[in-house]
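Residue numbering for the sequence shown is 1 to 164, as defined by the UniProt record's numbering.
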Amino acid sequence: MYIRKRVPGKDDPFLVDMVVSNFQVRKNVIEMIINMANEVMIVCDSNDTIIGFVCYRFRIGPTIFVDYVVLDTKHQGKGIATSFLPVFESHLMQQGIRNVFGTVDEENTDALKTFQHWGFKVHGQLGSSIVIQKELTSSNAISTPTGVRTKSSVRKLATPPSLR
Numbered sequence: 001m002y003i004r005k006r007v008p009g010k011d012d013p014f015l016v017d018m019v020v021s022n023f024q025v026r027k028n029v030i031e032m033i034i035n036m037a038n039e040v041m042i043v044c045d046s047n048d049t050i051i052g053f054v055c056y057r058f059r060i061g062p063t064i065f066v067d068y069v070v071l072d073t074k075h076q077g078k079g080i081a082t083s084f085l086p087v088f089e090s091h092l093m094q095q096g097i098r099n100v101f102g103t104v105d106e107e108n109t110d111a112l113k114t115f116q117h118w119g120f121k122v123h124g125q126l127g128s129s130i131v132i133q134k135e136l137t138s139s140n141a142i143s144t145p146t147g148v149r150t151k152s153s154v155r156k157l158a159t160p161p162s163l164r
């Protein structure tokens, strides 16, 4: 498994379909959010298949707002997101980001529990969305000889595979 940056023309149809399938979001809404994102990081399996992504925008200094953390339903419950999180946090910290905000729908109690397990704290509610936040620190992850902070075998950002 590895993470890489988004290739807009190639990846977007997969990302849109994944969000529409998992969250019942209108196609035009997810397309707009992905296109406005500061960064979209793609999670791929060993066969170069997209299995998830994280998308954020609204960077203000050391703070970002994450729009989506999505893992395809076929790959949920296997520890993939937990393995990916330290790599993502290290990547953010290298860019000077120290605070991560996001929202979770109040009915999605499983996701809220998972984010709390990962160290996110509840900071309030906006409509039906619960606002969560995590302060990134170097103690959130461990250093490796390569300088990448990770607790997993997920490889850092990679060059996207070539079109076949």
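We treat Cβ as the ideally placed atom computed from N, Cα and C, and that holds for glycine.
- Residue environment: LYS78 is assigned as exposed (fewer than 16 neighbouring CB atoms within 10 Å of its CB, all protein chains considered).
- Here ARG6 is buried. Its C-beta has 16 or more other C-beta atoms within 10 Å.
- Counting only runs of at least 4 residues, the UniProt domain "N-acetyltransferase" (1–137) fully encloses the following alpha helix (DSSP H) elements, listed from N- to C-terminal order: 8–23, 27–36, 80–94 and 109–117.
- Non-local beta-carbon contacts of VAL20 in its own chain, meaning distances under 8 Å to residues more than five positions away in sequence, involve ARG26, LYS27 and ILE30 in chain order.
- When rounded, the separation of the alpha-carbon atoms in ILE34 and LYS74 is 22 Å.
- Looking from the CA of GLN133, the closest CA among VAL122, GLY127 and ASP67 belongs to VAL122.
- Taking the CA atoms as reference points, SER138 sits about 8 Å from SER90.
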